[in-house]
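Q: Taking our numbering, the leading residue of the sequence shown gets 140, the next gets one more, and so forth. Backbone N, C-alpha and C define an ideal beta-carbon position, used for all residues, glycine too. On a predicted model such as this, the values are computed, not experimentally measured, just so you know. Before I ask anything, let me first share the structure, which is written out below as structure tokens.
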Amino acid sequence: LLTGLPAKVVSDDGSPHGPRTFALWNPPFVDRTKSARRSANGEASDLFTTLVGQGVRTIAFARARVVAELLLRYAREGLRKVSPDLVERVAAYRAGYLPEERRRIERELFGGRLLGVTATTALELGIDVGGLDAALLVGYPGTIASLWQQAGRAGRGKDPSLAMLIALGDPLDQYYMRHPDELLGKPHENALLDPDNVYILRRHLPCAAHETPLRVAGEDLTGLPNLSGLNDDEHL
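Dropping the structure here:
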């Protein structure tokens, strides 16, 4: 429906990966009477610093840009005390950086100069980060697909890897801490698309045109939604 071409379902994961340990980490109570727990950001920072300090190549996923930067700051402060030579071998990666900055971080991560990176979903997929050993997820990312996508950024080769979900204090995260089978046994969500949604198409066409110029006139638009909102000779 999306392209007008025959489609084939690919349901088997053929990517190489070694054994993965998936751990659920619930921050300890600081006030049990109020059900108050230690900050997930503080727990993630300590875990990230410990792993990097032991030479474990680690990525920590945060749900907000400011948290990714905060984790980096905490990690560098911790590394200055125990392994000052590693301070410059960790970095943050998020939307908002200049393209040349992002490309440099990607190269250094792939090449092994960086031992750790704190990131938003900007590194969840689409970029080859090389062989990482551990993935820390600060809070449930919202979908099962994102959970496994982020966890799968570590362990791309045959070596063992670690994935760890560090719970926030919200009810959903705490529910999964008490019912791990509900989390780890759930299937991925179905992908939903509406091939007749011209508003979504208008957002996607400029992305396609960035790589190859497009022209509506004379093109075979079989399988695409009605483009009546575009002029016949409109270029993108």
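List the whole-angstrom C-beta distance separating Glu240 from Thr282, where the pair is believed to meet the contact cut-off of C-beta under 8 Å.
A: For the purposes of this step, residue 240 is identified with residue 101 of the sequence shown, where counting begins at 1. For the purposes of this step, residue 282 is identified with residue 143 of the sequence shown, where counting begins at 1. With a Cβ gap of about 28 Å, Glu240 and Thr282 do not count as contacting.
Q: Can you tell me whether Pro166 is buried or exposed? The criterion is at least 16 other CB atoms within 10 Å of its CB, across all chains shown.
A: The residue given as residue 166 occupies position 27 in the sequence shown. By the Cβ-count criterion, Pro166 is buried, with 16 or more other Cβ atoms from all chains shown falling within 10 Å of its own Cβ.
Q: Could you give the residue range of the beta strand (DSSP E) that holds Val256?
A: Here residue 256 is taken as the residue at index 117 of the sequence shown, counted from 1. Its beta strand (DSSP E) spans residues 255 to 258.
Q: For my contact list, Val256 and Tyr236 are in at a C-beta cut-off of 8 Å; report their separation, rounded to the angstrom.
A: As a working mapping, residue 256 is identified with position 117 in the sequence shown. As a working mapping, residue 236 is identified with position 97 in the sequence shown. About 12 Å; that fails the 8 Å criterion.
Q: Which class does Leu366 belong to by DSSP, given the choice of helix, strand or coil?
A: For the purposes of this step, residue 366 is taken as residue 227 along the sequence shown, with counting starting at 1. In this predicted model, Leu366 has a pLDDT of only 49, less than 50, meaning its place in the structure is not dependable; the value taken from the coordinates is given anyway. Coil, per DSSP.
Q: Please classify Arg246 as buried or exposed, where buried requires at least 16 other C-beta atoms within 10 Å of its C-beta.
A: One-based indexing of the sequence shown puts residue 246 at position 107. Looking at its Cβ environment, which holds fewer than 16 other Cβ atoms inside 10 Å, Arg246 is exposed.
Q: Rounded to whole angstroms, what is the Cα-Cα separation between Leu315 and Leu307?
A: Taking the first residue of the sequence shown as 1, we reach residue 315 at position 176. Taking the first residue of the sequence shown as 1, we reach residue 307 at position 168. Strictly speaking, residue 315 in this sequence is Tyr, with Leu absent from that position. If I take the Cα positions, the gap works out to 11 Å.
Q: Could you check the C-alpha separation between Ala293 and Ala348 for me, to the nearest Å?
A: Taking the first residue of the sequence shown as position 1, residue 293 is located at position 154. Taking the first residue of the sequence shown as position 1, residue 348 is located at position 209. Rounded to the nearest angstrom, the two C-alpha atoms are 33 Å apart.
Q: So, Arg196 versus Leu254, is the Cβ gap smaller than 8 Å?
A: Residue 196 sits at position 57 when you count from the first residue of the sequence shown. Residue 254 sits at position 115 when you count from the first residue of the sequence shown. Cβ distance < 8 Å, so Arg196 and Leu254 count as in contact.
Q: Decide if Phe200 is buried, meaning its Cβ has at least 16 other Cβ atoms within 10 Å, or exposed.
A: Taking the first residue of the sequence shown as position 1, residue 200 is located at position 61. When all chains shown are included, Phe200 counts as buried.
Q: Write down the C-beta distance between Phe168 and Ala175 rounded to the nearest angstrom, noting that I regard them as a contact closer than 8 Å.
A: Position 29 of the sequence shown, counted from the first residue, corresponds to residue 168. Position 36 of the sequence shown, counted from the first residue, corresponds to residue 175. With 8 Å as the limit, Phe168 and Ala175 qualify as a contact, their Cβ atoms being about 7 Å apart.
Q: For Pro158, I'd like the list of residues in its chain whose CB is within less than 7 Å of its CB, leaving aside the five on either flank, ordered along the chain.
A: Position 19 of the sequence shown, counted from the start, is the residue given in the question as residue 158. Closer than 7 Å at Cβ, skipping near neighbours: Pro299.
Q: Just verifying my parser: in three-state terms, what is the DSSP assignment at Asp185?
A: Your numbering for residue 185 matches position 46 in the sequence shown. In this structure, Asp185 counts as helix in the three-state DSSP scheme.
Q: Buried or exposed: Thr361, going by 16 or more other Cβ atoms within 10 Å of its Cβ?
A: The residue labelled residue 361 in the question sits at position 222 within the sequence shown. Its pLDDT being 47, under 50, Thr361 is placed unreliably in this model, and the value from its coordinates should be taken loosely. Classification for Thr361: exposed.
Q: Taking the Cβ atom as the reference point for each residue, do Phe249 and Val229 lie within a distance shorter than 8 Å?
A: By 1-based counting over the sequence shown, the position of residue 249 is 110. By 1-based counting over the sequence shown, the position of residue 229 is 90. No, these two residues do not count as a Cβ contact at 8 Å.
Q: With distances taken from CA atoms, which of Ala234, Trp164, Arg243, Ala273 is nearest Leu262?
A: Start at 1 with the first residue of the sequence shown, and residue 262 comes out as number 123. Residue Ala234 is the option with its Cα nearest to Leu262.
Q: Assign Asp272 to buried or exposed, taking buried as 16 or more other Cβ atoms, counted over all protein chains shown, within 10 Å of its Cβ.
A: By 1-based counting over the sequence shown, the position of residue 272 is 133. Buried.
Q: Based on Cα-Cα distance, which residue from Asp170, Ser184, Gly153, Gly296 lies nearest to Val277?
A: Here residue 277 is taken as the residue at index 138 of the sequence shown, counted from 1. When each option's Cα is compared against that of Val277, the closest is Ser184.
Q: Less than 6 Å between C-beta atoms, sequence neighbours within five positions excluded: which residues of the same chain meet that for Leu304?
A: Here residue 304 is taken as the residue at index 165 of the sequence shown, counted from 1. Its chain contains Leu163, Leu276 as the residues whose beta carbon lies nearer than 6 Å to that of Leu304, once the 5 sequence neighbours on both sides are disregarded; these appear in chain order.
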